[in-house]
Structures are given as structure tokens and as C-alpha cells.
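See structure below.
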Amino acid sequence: MRRRRPSQSQTDLDWDGRAARWPRGLGGLVPGGDSNLWMCAQDVETEIWAHFHRLEQRFGRYDVEPLRLDTCSDKLRDLLIESVPFNEHREDLSGAVANFAKMVAQEFVIDGLMPFEVQAGWNQSARSPRPEGVRLVFVYPESMKKLGPWLFQIVPPHENHESTESRVVRLDPERIVTFEPPRYYRQALAQMRSGFRWIGRSQHEWMMKAGTEQMQEDFKAVTRSYNVCRARLSAPIGWDGRGSFQDHVADFHWALRRLRWQRFCIEIRDGILTTLAKVFTRIGEWRGESPHLVWEHLPTLEQVQHAESQLVGGIVRFDEVFKAFSFPSR
Amino acid sequence: MTYPNPIGDCPRPWLAIGVRLIHQVASLDLVHETRMKIGNWRLSAFMLRRSGLGQRLALGGRRLTFVTRRAAHVQSERLHSVRLGGSATWQLVQFAITPLVLAGLAVTSFVALPALYEKLAMNRGWKILSLPAIDAQSYSGLMATVGQAAAAMLALFFTAISVVASTSYAKVTTNVRVLVAQDDLNRRYLRLLAHTAAVALVGLSLHAVSIPPSSILAAYVAVIAGICLLAFFPLGVRTFALFDPSNVTSYPLRALVRALRAVTRNGRRWLDPSFQNYANRIAEEQLRLLADLVIFGITENRPRQKVVLDLASSINGLARFYVAQKSSIPSDSLWFTRKAEFKRWEIASSSMTEIALRTGVAPPPDAIPDHGFVEDRCTEMTIQCLRHLFEREAIDDAVSLLLDVNRTAVAYAKLFGQAESMRLVSAGRTVLVDRLKTSDPTAEPLKQLQLVDVQCVAALAPILYSAMSLSEDAVGQLVCHEAGFLRLNRRRLYSRAHPRCVLKDAEDLFQRLEFEKSVEGVIRTQPWYVRQIIASGYAEAIREVIRGILKTVELEFVAPASELIQAQRPACAGAWLQRGIEACHKAKNRIEVLEARYAELKGFHVTEAPWLASGAEDALAKVQAFRAEIVQLLARIVPDLCEAPAGTTLPDLLGQTRAWLAEELVSMMERKEEDGFGDLFIAYFNASNAVRRHFFESAQQPGKQDYIRVAMDAMLDLMDVSGLALLFSQLDGTRFGEVVVHTWNGFFQLATDKPAMVRAWYAPLGSKLTLPIFSSSAMQRQHWNRRLAQALVDRGIDVDRHFAPSWDRQQIQPHPSPIVDSIIVNYGHPMEQPHDYFGALYLAGREDAQGIELPSAIRNCLDAIERARARQREANDETTQAEPESD
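Those sequence lines, one after another, are chains A and B. Using this note's numbering, you'd call the opening residue of the first sequence number 3 and step up by one each time. Using this note's numbering, you'd call the opening residue of the second sequence number -14 and step up by one each time.
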């Protein structure tokens, strides 16, 4: 796997970003405040990573590159790769973007969106009109406030060492890029976040009661009801609760949900890549180029539709239905 | 100042306190410490108590206390008794409420309403009823007489029932005795008597308070009193029938059936666990009651065993009814009694094993439903009855009972209860084999054979009907039930009988579809998936049935026959083995049918779940092995069967055995299976000679000369099998011929006049055309001949070369043996038959046969062989001449 060390060349650049960052808590014992939510987020992350990783051979080399940048110079290409955060020091475009996409997707489940500020690095000594470095800096969504055409960031007082009051930073909306899930998934994800957190609170109590035989109800019935709630909340995205519905779900229903999950992950991935492509294009324009991010050989919605029709028709085996999405054994 | 109380705060009688304070009062130290004044009332009382008056007063006080307490106790006991009495009185009132209400209704209808009508009619000018008038004295006389008579009959009838209960049912449980009183007619009659007495009493009471007598009431009382009087005798006589416990079985059966209906799909609250549990308790209670009745029936000494037979018949009837209803009960219903199932440590859940390791307590077993609890109880009771009948030597009744068992086994098997059917048959077999092993084999042999036959017929049920139930309906009728599932209609799930494993899968799927509906709002699962699940269940059922068939053949036919042979019961073993051959034949057919059905079910299988092999191939091989084992066992009993007296009073076991042995010998030759052939052939040889001897002896009797033909038929059979062995040896290079020649040589060595023996064996060959052509032997020999011809074809020999033109056919190399080459087949039948070849190859070749004229059939055979030999010589010569030219 090609990994690179943190760039030394960008240390002497002047960065024009305004957004502030500070350490932020997890929101509970687990990220997102609920174990189901965190598991779901991790599963989205893993699935999107798997979309890319299934094309990888040993040492991070791809048989066929799933991503490429058309009409892009090598210099800009390197700059764009370096601009992608959470890339786990991957030097290749596909690896870097894959790692970025999985983190963004995870955040979609936990927080619903992920805004970034595009910061440009300028080399004052070179007196060049073009930025020498670019980076995407995560801006906490809860700290951003929009007021008409203006966008502000509220920095909490304990992070604002200069005074005991919150500090307001005006952000440039042109520099803010927000990664969001497709519109039709937003409400479902919001319901899932609030629902999981709500039913998750009671779980510890009734499970402990069952362990001490204080529970008056049938434990199996309670577990089933709990699983029905979880399955209903996650039905729009098709999450399988890491197999915890296995005792209640029919194979056909499970297969349908799994295809729905694939559809969700693909749409999330494509949404992230589409937004990132726009960001790359904007950065390219700063340098007088118009790079175009292209992805292929990844699972597609057409494959999901085809698999669904095959499943409903009952004409092929289950493993054939999922062949397009399965991870090849090596 | 307060005086310290060393005893406590509890109030005490002051005298008692004084006694307890003696030592304190006497103690000067205490007086000093407490600064108590000597002249106070406590001290005065103490001094008074020590005086003579005080002592007398104390004695009087003690006596008074005793008397008072005793009186209080007596009053308390009386109060308790009154309380009990009050409760009992209330119960009595409760018992009497219904008869009183009915009597009140009757009196109101017949006295008050007419009186009210008359009053209204007089006031309003309506037409007055012209009821016949009744004399007040006669009225009171009638009421008093009826009241007394009804009370007397009540007492008498109850006494009669009590006599039945206390004499016939003296040693049984109370629940059984209660059944006697619960007889429907008895209860209704007792209530009618009570009603009559009550109405008469009320009528009399009304008359006593100056209410005018009612002719309608009098007529009503007269009618019901008449009914009671007339019914007294028939019911009294009927009471004697209650001495027979089989007559009271209808009440527990009725209660059980009612409880059963409540938990089937027709019951209102059939899915409610509390109702299921309640129904189970009723069923358990009624089954215990039936078991008590059976024990009562078999412990009483009776000259005839009809009671036991009737009890067993009722129980089997119940079992048959139950199994028809059972498939509409959910698998997890609490109707089914729970039984413990212990899990293996290695496959138990880690939490369970962790708790076990930490606490030192073994993991608890799972409570799983026992789906066969009613059938098993019925089987236990039936077997108790059967054992009792054997103990009492009631063989005819035992046969009747086994026939009933057969019907029950068939019902079980037809309704997918192969396991229950096998358990029932197995229990009957165990008792029967024990009986046959311990009884005298010469005593009533026909009845013993009847017992064996009926048992074997019952044992065929798990083989025949279990398979039939899975194969007789079209596969679509079995599998296509998706409509009920997709509409979540649970009752439709049980509208058709399915094997329990299919039901379990279907119920599981149903729950999963309910989950899908509650999660997604709609059911998206497709019909093909439902059909696949049901088809998988049926496939599992077929695999189980195939395994069950094999187990039945082994346990119910091979094993008992072997046991009987070891116990020196050849006749019964022979009958059992012959049924065993039938069982193998039927098992083979059924397995083939099931295999075809299994292939049809595979068409419904779409997903990646493994489609297991049906096991039919292995099963067929095992059935073949069982059949071979049965034939070997038959061969073992041939010497005993030969010594058994021949006649028409018993089935011809020897004849059938001989036929089966011959079939097996021919099959072994076809399969080139030489192991065990020798033993089998010797058995057949002996059996055929025994038959020959028997019919020769029979032919000596006047008027039975024709039996000589039958004897000759048996000789031809033996020579035919021997000839086949010689021909198959030539054909395949096997050693069957050597075995046959060795056996025949031994036979001839024992003969004193060997040439005469040769002539005797030539005779059937010379006169075979005079023998009947449609006899059992002749038909069997024709079948063997066809099998020989088929074997020649299977081995690539051109059997048509003598009849069909050769120019348009591929030339096939003739068989190197001139004997095989000499066989001419015409329309599937060899022209010269195997017994002719035996005469030609063995008999004619013996030294003792020199000089004896050969029968024409043998001469034809020898000529054919010689011609074949010449043909082969010519062919060899042509080949030898042609070879140098080609070089």
C-alpha cells in the first residue's frame, strides 16, 4: 500500500481558512450516543470501504483504478490528493478518496452532514497568484449558524481563551462545502438517530431486570419487540443490525434489506464523490485547470436493480444475486 | 417515684405480678434501693396471699379459670362447627337452587299464570278458561304420594349406583368411581326425580296456605311422576352395565375430545397459552383416568376378555381420532406436554456453560414439546391390554386387538406419523415375540401364525402409508400454500395436514413474515420463497420417511425373525421372513416413488441452501442387503420346515420358502454374487427334495395319483435352477456350476441304485409336456428363462442371430463357450430350457447314466452344443486361413 508521510512542503504556507476547531466529545459512551447508531455508522463505513477494497490486490495496488482525474496535471493531482482529509496517508487517489468517503459516510449516520472549509495555502515568498496547497478542514456542524446570506461559526467560551463569552467567526460561504446524504435519506436517518437513542436508553434497564429475574414479561417477547423497533427504524436504509434480526427475519426479507442497504451505501458513496468532484473542480479552477473526477468499476444502482428483479423473480440462487456485491475470496 | 418492673412492660394480672415479685419484696436490699414503703398495697396483697384464706381463694380462682377456659374452648368448637354447618348449608342451598327454581317455574306456570288469567278475564270480560276442577283432597293426596314416591325412588336409585361404585369399583381411584355417577342418563334421571319431589312439595305447600288446587299442576306432576316410574326399571337394569369399565370410557374420551377441539384451529382461543395449558391438564387427567380403567380392567378376573378388548378398542379409536386432529394444533402449543432435552456441552450457549462452570450446577435442560404424548400413552395402554390377553391365553382376542393396532398404525402413517406408527408396531412386536418365545410351538400353531401375520401386516403400515401420504397427492397440492402465508392467515396454515417438520418450518416462516409485516408495513416476500420453504420441509420429511422405512424393515422383520430362529421357532420365523420379503419389495417400490417425488420437490428449490441427497440410493442398497439377509435366514430354517408335517391345516411355508430361495439364487447368478450361494443352493436342494418326497407319498394314496405331476414339477424346478447355474458359470466364468455339481454328486453318492436315480430324474425331462403349463412352478421357470435371455443380452450376446438376417447387422463375436453359443432365444425365451441343459451337461455325463436312453430334450441340447462347437471350429479355421492372406 502506498502511503505517504505528512507533507513537509506545506509547512511554510500561509493558510487562509477562518474556521476554528477544538476538541469535541463523543456525545456519550460511544460515538453518536448509542451503540446501534455507532454500529450502523461503522457498517456504512465498512461497506463503502469494501466497494473500493474489493478491487484492491496486495499492497494496496488496484487491478483497475476505481477513480481517476481527467484533464488534470500531475501537480494538481498531487495537490488534490493531499487536500483530502482522513486519507490515512494514502498517496493514490483511489485510496485517499476511499478513506475520506468512509469517514464522511460514517458521519452522515451519526450527525447527518459533514461541512468542510476549503482552505488554500499561499506561498508568500513565491509571490505566485496560485495557491500552493489546499486542505479541507472539518467544521463542526453544530457550531455553524446561517443568517441570511452570511455564515457564522460560534466558538464556545471554554475554547475561546481570550474572553469568557462565545466568539463569533464569520465564514465565507463560498469556501464552505457541505457533504450531505441524498435528500430522501435525510429524514430517515434523522428518525433513526433519534429513535435509536430513545429505545437504547431502556435496553440496559430491561436486560438487567431479566438477568435478575425481576422482569414480569416474557423476555423473548420483549427482545422481539425491541428488534421490531430497531428493524423499523433502519428499514429505509436496510441495515441488518449486524445479524441481530436473524431469528426473526425470513431469508427473502433479509436479502431484500441487504439490497436496500447496498442501494443506500452506493447512493451515499456517489453523493460524496459527486460533492468531492465539485470541490476538485473548484480547486482546479484556482489553478487554471478543470479536473474531472471519474469513478467506475464500483457497484452501481443498476446492479442493485438487476439483483432485485432477479430476487423477486426467483430465477437465480441467493449467492448469484449478491455476487456483484460480495467480497472476492483471495 | 416509679417502681422498676423487672419482668417487662407487658401487663399481667396483679396477683401474678405479686407472686413474681416475691423475691424483690423479700429482699431488703431491693427495698432499700427502691425506697419502697412497707405498708403499701403490693405488700399487703402478698401477705394476704400467704394466708389460709388467700390459699383457698387462689385454689378457687384456678378452678374458675379452668372452667371458664374449658367453656370458652367448647363454645369456640361449637362456633367452628356452626360455621362449617353454615357453609355446608349454603352449599346445600346452592345445590338445591336449580331444582327449586325449576319447581318454582313449574308451579308458577301451572298455578299462578292460570289464576292470574282468570282474574284478568273476570275483570275485563275475557273468555274464562274451562279447566277441569280437581278435588282438594285428591290434589293433596296426589301431591303427597308423588312426593314420597319420588323421594323413595331417589333413594333407591342412588343406592343402586352406590352399590355399583362400592362393589365393582371398590379398589379404584375416586375419579373412576365418580364416572359411574356421571353417566348422562343417571344424572338426568336423578335430577328429574328431585324435580318431581320438589314440585309436589311446593304444590302441597301452596295448598296448605289456602291456594286453590291446580289441575294443570296435578297433571304435570302426574306425567313426570309417570316418566320417573316407567324409567326406573330400564335405568336400574342399565346400571348393571356400569359394572363393565368399558362402558364408562365414553366420559373421559368425551372430555378429552372437547379439550382437544379447543386447541385446534376450530377452537375460539386456540392460540391462547392459558387455554392450551388448561386443555393439556384436562387431557392428562383424562388419559390417567383411562389408564386407571385399563388397570382396573386387566386386574379383575373375568371369564371373557371382552372388557379389555373393548377398552383397547376405545383407546385405539381415540388415538385414530386424535391423530386426525393433531395436525391442526400449532407445534409450540402448550397442549403438548413438555419433555426435557439436554444439550451437549459443546454445542450449548457460552452463557449457559459459563454459569454452569461458575455455579457448579449442570446446565438445565430445554423443555421441548412432546408431540407424541397422547399416542405414546395410548400405545402403553394398548400394550398393557395385549400383554394381559396373552397372559390369559385369549389368542383370538389378541388377534382382534392386533388388527385394531394395525388400523391405528395405518392411521398414524397416513397422517404423517411414521415415528408414532413405528413405536406402536414396535411395542406390539416386543410383546408378541416374547410370547412366541415362551409359548409351546406345537400348541395351536395356526393361531401363532395368525398372530405373526397380523403383526407383520401392521408393521407394513410405516413402510407403505407413510410414503403414500407423501406421494399420492400432486406436488403442487403439497407445496403451493403461499396464499395463506402472504395474507398472514394462521388458520389456513392448519387447513391441510402436513408432516410436523413441514409445520414447524411453516410456523417459523409465518412468524418471520409477521416480523416483515410489522417492520416494512407490507409483505414483500414472494410466493416462490414460501413454496421453497414448504418444499424443503417436505424434502426433509421424505428423508425421514426413507430412514424410517429402513429402520422398520430391520427392526420389524429381520431382527424378530432372527430372534425366533435362535429361539427354535422356525414356523413363526418362516412366516415372519416371508412377510419380510414382501416388506423389502414394498420398501423398494416406496423408496423409488419417494425418490421421484424428491426430484419434483427440487424444482421448487432456488436459493443457495444445500439440497441434500434423499438417501434413496443407499436405502435401496440396504433394502437389497436386508432381502439377502432374509433369504439367508429362510435357508437356515429349511431343514426344520422340511421336518414339519405337511398338510392343508397350516400355510405352506416350505413351498413359499422354496420359491423365494429360487428367486434369490437366480438373482445372485445375475449379479455374479458367489458369496453365500452354496448355503442357499443346499437349502433349496433340500426343500425341493422334501416337496418331491411329500407329493410322491401323497400320490400313493388312492385318488391322488395326479400329485405325481406336482412332484415332477418340483424336480424340474431344481434341475432348472441347477441348469441356470451351469449356464451362468459358462457365461460369466463364475463358480456356481461347481457348487451345483458338488451338491448333486453328494446326493448321488447317497443313492443305492444310481442308474435308477438317473432314470427317475430323466423322467420329468421326458414327460414335461404332460405337466400343467400354468402351474406355479412352470410360470416361475418361464420367468427364469426370460431372465436368462435378458442376461445374455446384457452381456452383449447376439441372441437373435438365428432368426434375423445378418447382412444389415453388426457382426458380434460369439461367446467362446459353445454351450452358451448353443442357446437359441426366440422372442425372449430360450428354445432349450435350463433343465434340459442340466440333463445334458450333468445327468447325461454321469457314469451311472451310461446305457440309459436319453430323453429327446437332452439329445436336442447335446446336438445344439455340438453344432455350436462345429461352428466355432469352422470360424476358427476361416480365421486361421484368412490371417496369412492379410499379412
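Every residue gets a Cβ at the ideal spot worked out from N, C-alpha and C, and that includes glycine.
Item: Nonlocal neighbours in the same chain, by C-beta distance under 7 angstroms from B:Arg677, ignoring five residues either side; Value: Ala696, Ala699 and Met700
Item: beta-carbon B:Leu374 near the ligand HEM non-hydrogen atom, thresh 7 angstroms; Value: For the structure depicted, the ligand HEM is absent and the ligand set is empty, with no information on it obtainable.
Item: Close-in-space but distant-in-sequence residues of the same chain around B:Ala412 (CB under 7 angstroms, 5 per side omitted); Value: Thr364 and Ile368
Item: N- and C-terminal bounds of the alpha helix (DSSP H) containing B:Ile368; Value: Phe358 to Glu376
Item: A:Asp16 versus A:Val251 - alpha carbon distance; Value: 57 angstroms
Item: Cβ-based burial, B:Phe142 [other Cβ within 10 Å; buried from 16]; Value: buried
Item: B:Arg780 (DSSP reduced to helix, strand or coil); Value: coil
Item: 8 angstroms Cβ cutoff, B:Leu139 in contact with chain A; Value: no
Item: Residues near B:Phe681 by beta carbon distance below 6 angstroms, same chain, minus five either side; Value: Ala696
Item: Whole-number beta carbon distance between B:Ser521 and B:His590, since they are thought to touch under 8 angstroms; Value: 7 angstroms
Item: Chain-ordered neighbours of B:Phe500 on chain A, where CB pairs are closer than 7 angstroms; Value: Val230, His250 and Val251
Item: Within chain A, partners of B:Arg497 - CB distance below 8 angstroms; Value: His250, Val251, Ala252 and His255
Item: Minimum C-alpha distance to B:Ala829 - residue among B:Pro815, B:Val437, B:Cys846 and B:Cys486; Value: B:Cys846
Item: Through-space distance from B:Ser334 to B:Thr344, alpha-carbon basis; Value: 16 angstroms
Item: Chain-ordered residues of the stretch 313 to 331 of chain A with a beta carbon less than 7 angstroms from chain B; Value: Val314, Gly316, Arg319, Phe320 and Asp321
Item: DSSP bridge partner residues for A:Glu58 (one or two, in chain order); Value: A:Tyr64
Item: Where B:Met764 falls, given that 16 or more other Cβ within 10 Å makes a residue buried; Value: exposed
Item: Residues that B:Met886 bridges to, as DSSP identifies them; Value: With chain B represented from -14 up to 872, any question about residue 886 of chain B goes unanswered, as that position is not in the structure.
Item: First through last residue of the alpha helix (DSSP H) which encompasses B:Ala684; Value: Phe662 to Ala684
Item: Within 8 angstroms, strictly: CB atoms of B:Leu434 and B:Ala556; Value: yes
Item: Residue range of the alpha helix (DSSP H) that includes B:Asp317; Value: Here B:Asp317 belongs to no alpha helix (DSSP H), and DSSP marks it neither H nor E.
Item: Residue of B:Ser61, B:Ile843, B:Phe670 and B:Pro447 minimising C-alpha distance to B:Glu539; Value: B:Pro447
Item: Alpha-carbon to alpha-carbon, B:Gln167 and B:Val292; Value: 20 angstroms
Item: Limits of the alpha helix (DSSP H) - the one that B:Leu177 falls within; Value: Asp169 to Ala193
Item: Collapsed DSSP secondary structure at B:Arg472 in the structure displayed; Value: coil
Item: Closer than 7 angstroms at the beta carbon, the chain B residues around A:Leu258; Value: Arg509
Item: Cross-chain neighbours of A:Arg334 in chain B, by beta carbon under 7 angstroms; Value: The question about residue 334 of chain A has no answer here: the residues shown for chain A are numbered 3 through 332.
Item: Amino acids of chain A, ordered along the chain, whose beta-carbon sits closer than 8 angstroms to that of B:Tyr514; Value: Ala252, Asp253, Phe254 and Gly316
Item: B:Leu6, DSSP secondary structure in three states; Value: Because B:Leu6 sits at a pLDDT of 47, beneath the cut-off of 50, its placement in the model cannot be relied upon, and the following sentence gives the value as read from the coordinates. In the structure shown, B:Leu6 sits in coil (DSSP, three-state: anything other than H, G, I, E or B).
Item: Length of the line joining the Cα atoms of B:Val187 and B:Val92; Value: 7 angstroms
Item: Interface flag, B:Leu494 vs chain A, CB-CB below 8 angstroms; Value: yes
Item: Interfacial residues, the stretch 466 to 493 of chain B to chain A, with Cβ spacing under 8 angstroms; Value: none
Item: Cβ of A:Ala237 within 8 angstroms of any chain B Cβ; Value: yes
Item: Interface flag, B:Val591 vs chain A, CB-CB below 8 angstroms; Value: yes
Item: For A:Ala103, the first and last residue of its enclosing alpha helix (DSSP H); Value: Leu95 to Ile112
Item: Contact under 8 angstroms by Cβ, A:Ala190 with A:Val111; Value: no
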